[in-house]
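Protein chains in written order, with the numbering used here: chain A, 191 to 520; chain B, 191 to 520.
Here a beta-carbon is modelled for each residue, glycine too, at the ideal position from N, C-alpha and C.
Here is the structure we will look at.
Protein chains: 2
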Amino acid sequence: MLDSQVKPQERLAELLAPEMDAVNGLIRERMASKHAPRIPEVTAYLVEAGGKRLRPMLTIAAAKLCGYDGPYHLHLAATVEFIHTATLLHDDVVDESAMRRGRKTANLLWDNKSSVLVGDYLFARSFQLMTETGNLRVLGILSNASATIAEGEVLQLTAAQDLKTTEEVYLQVVRGKTAALFSAATQVGGVIADRPEAEVQALFDYGDALGIAFQIVDDLLDYWGSDATGKNVGDDFRERKLTLPVIKTVAAGDETERAFWKRVIEKGDQKDGDLEHALSLMNKHGALEETRQEALRWSARAKAAMMELPQSEMRDLLVDLNDFVVARLS
Amino acid sequence: MLDSQVKPQERLAELLAPEMDAVNGLIRERMASKHAPRIPEVTAYLVEAGGKRLRPMLTIAAAKLCGYDGPYHLHLAATVEFIHTATLLHDDVVDESAMRRGRKTANLLWDNKSSVLVGDYLFARSFQLMTETGNLRVLGILSNASATIAEGEVLQLTAAQDLKTTEEVYLQVVRGKTAALFSAATQVGGVIADRPEAEVQALFDYGDALGIAFQIVDDLLDYWGSDATGKNVGDDFRERKLTLPVIKTVAAGDETERAFWKRVIEKGDQKDGDLEHALSLMNKHGALEETRQEALRWSARAKAAMMELPQSEMRDLLVDLNDFVVARLS
């Protein structure tokens, strides 16, 4: 029996437990390497980190929602998780991160070299896995998503600390870093089940909008604060990231405020009290509330897309999951 | 008219000029990025570097040798070059290189972050290109090659500065860093032309053996010396790489010699005269000559494989190319 008080993600995990066990088995099998023992060392550490496996769950849920009864949703779910893990490994090198999910990062435990090369290995393994499905459209979708992810990361790198960053560029970065893999994860579930184009499109739209809402909420909580995320208020501020709350506040500010943002974000000259001042400017211009509205709009789009699909327990769970993403803001 | 005094690689380039122009066009088109201007900056720099384009030429040559008359050998050639370029970008980060082909490396001109992420972008673009061929076997071959390359790089990382490295491990590293892409490059030419399995296998064997001979020669010239390669004698020694000449010399040495290798390779404590002493030990144990013989054996295998294919101008050129690789040693 499913308990309605349980978070939607946990209910999904419970409902999809047999498939996710199979996916985890496939991940463990393909993360190994016959020749290079460093690879299973690093990958085992990542597997044990116990990520939420949200992306592969989206693929399995979408495939089941579409009535798929073949074996390849497992390969696609593992593919999606491999792409995600490879991206995390490379991100930690690029961001010079020391911690992720409360544990030391691989680049710190081993070195940047291992993170770069093991990430490459996982990318290659992900392409092997998706090739095994024999479905060329799926290959197109996932290779396009991989290009969008890398493009978004480069864009984020060059937009970093640049006050000229627009909301449009922010959206492209968000599509790259989060939504491209969400939308590919849900879309391939419909494609592998050979569903009509309108349903495949609805699954893509759901994943895209869910991913964007998810990332906007994440960026908002960095200033809004939350007990649940484990993020500290102001991490993005200290890292001088141009996220939506900052972009909106900069755009609404006068010359004096602009000078403040230039100092703290572009020059990185931050003092005690700067974060508090930044928050007061955000509140003054209503930027946090506007950002929240933006997240709610994307979440509404995700829900509308899902409503295009026939009603089922799985569909309702995906709608709940979407509601839950923005519920963190209320 | 082709001049027989011209190097085989230049004759190949002349003969394949129309296709290679098309490949270069495809490379330029797909290296671009609509959203992230840093990507074309870095990739244009790499394209201008004017690499020899040996790998894509192998694909075009193999496809033409097999009588292929479709358009997809161009996509496969560009794929192979993208995988190669992505690998170079990541290698330069891993090796902390400052120079390649006599020019500053991208990680030095921009930063390691750009090299990692633009490399990822090229990997993703390579998978898009190969997916466009619609040939699942080709996708399997190239995704397997990508995994072997990454595995070989990790193996090289962990084997670095380790005197216990065996000739077997060396061969695996060489397959990863060089031969896997050579063999995939030639094999896919036969697959796309739908040739019988024996010919596809012969093309694989040729690329594999050519790649291994090529790398062994490269590693040998680092001690043997050469005017043509632009490498300085002793670069690998200073970087403490376990290449075949060192592995053979260490294996043949006594306790005193072992202590020397431990100091210079494992501890990295190198003094004036150490390179000369290393060379004298190599000569004493005949390691350079044995390494040369090993390269000649692989070259003979490459030639034998090519002889399995029907005679043609293209086949003879590929045989000449193979002869030329080891001719640098005479």
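Interface with chain A (8 Å Cβ-Cβ cutoff): Asp310(B) is included. Taking the CA atoms as reference points, Ala340(B) sits about 48 Å from Gly476(A). Residue-level contact check: Leu508(A) does not touch chain B, since none of the beta carbons of chain B fall below 8 Å from its beta carbon.
Put simply, the backbone Cα of Ala375(A) is about 15 Å away from that of Leu202(A).
Within chain A, the residues whose beta carbon sits less than 8 Å from that of Thr321(B) are Leu326, Leu329, Gly330, Ser333, listed in sequence order. Pro227(B) belongs to the set of residues whose beta carbon lies under 8 Å from a beta carbon in chain A. Inclusion of Tyr235(A) and Ala383(A) in the CB contact set at 8 Å is not warranted, their separation being larger than that value.
Only Val283, Val284, Lys303, Ser304, Val306, Leu307 from the stretch 283 to 307 of chain A bring a Cβ to less than 7 Å from some Cβ of chain B.
Setting aside the 5 residues that flank it on each side, Phe514(A) is surrounded in the same chain by Lys197, Pro198, Gln199, each with a C-beta closer than 8 Å to its C-beta; the list follows chain order.
Annotation note: the stretch 453 to 479 of chain B contains no uninterrupted beta strand (DSSP E) run of length 3 or greater.
For the pair Val213(B) and Leu244(B), the CB atoms are not nearer than the 8 Å cut-off.
Non-local beta-carbon contacts of Val283(B) in its own chain, meaning distances under 7 Å to residues more than five positions away in sequence, involve Asn297, Asn302, Ser305, Val306 in chain order. Contacts with chain A at 8 Å (Cβ-Cβ) include Glu341(B).
Taking 8 Å as the cut-off, the Cβ atoms of Thr481(B) and Ile402(B) do not count as close. For Leu312(B), same chain residues with a beta-carbon under 6 Å away, outside a window of 5 residues either side, are Phe272, Thr275, Ala276 in chain order. Looking at the backbone, the Cα of Ile250(A) and that of Glu322(A) are separated by about 17 Å. Measuring C-alpha to C-alpha distances from Thr269(B) to each of Leu319(B), Ser489(B), Lys367(B), Arg218(B) identifies Leu319(B) as the nearest.
When CB distances to chain B are screened at a threshold of 7 Å, the residues of the stretch 341 to 359 of chain A falling below it are Glu341, Glu343, Val344, Leu345, Leu347, Thr348, in chain order.
If you check each beta-carbon in the stretch 360 to 379 of chain A against every beta-carbon of chain B, the ones closer than 7 Å belong to Gln362. Taking a contact as a CB-CB distance under 8 Å, the pair Ile229(B) and Val344(A) counts as one, their CB atoms being some 6 Å apart.
Not flagged as an interface residue toward chain A: Phe394(B), since no C-beta distance is shorter than 8 Å. For His274(B), no Cβ of chain A is located within less than 8 Å of the residue's own Cβ. With respect to the 8 Å criterion, Ala388(B) and Glu498(B) are classified as neighbours on the basis of their beta carbons. Taking C-alpha positions only, Met496(A) is separated from Glu484(A) by approximately 19 Å. Taking 8 Å as the cut-off, the Cβ atoms of Leu410(A) and Leu519(A) count as close. For the C-beta of Gln318(B), the chain A residues within less than 7 Å are, from N- to C-terminus, Ser333, Asn334, Ala337. Cβ-Cβ distances below 6 Å link Gly424(B) to Leu465 in the same chain, with the five nearest sequence neighbours on each side left out; the list follows chain order. The alpha-carbon separation between Ser287(A) and Leu278(A) amounts to approximately 10 Å. Relative to Ala222(B), the option among Glu209(B), Val237(B), Pro208(B) whose CA is nearest is Val237(B).
Contact annotation: in the stretch 477 to 498 of chain A, no residue has its CB less than 9 Å from a CB in chain B. With its beta carbon at least 8 Å from every one in chain B, Arg245(A) lies outside the interface. With distances taken between CA atoms, Phe317(A) lies nearest to Ala337(B) out of Gly309(B), Gly324(B), Ala337(B), Thr348(B).
Around the CB of Leu469(B), 16 or more other CB atoms lie within 10 Å, so the residue is classed as buried. Pairing Lys224(B) with Ala267(A), the inter-Cα distance amounts to about 29 Å.
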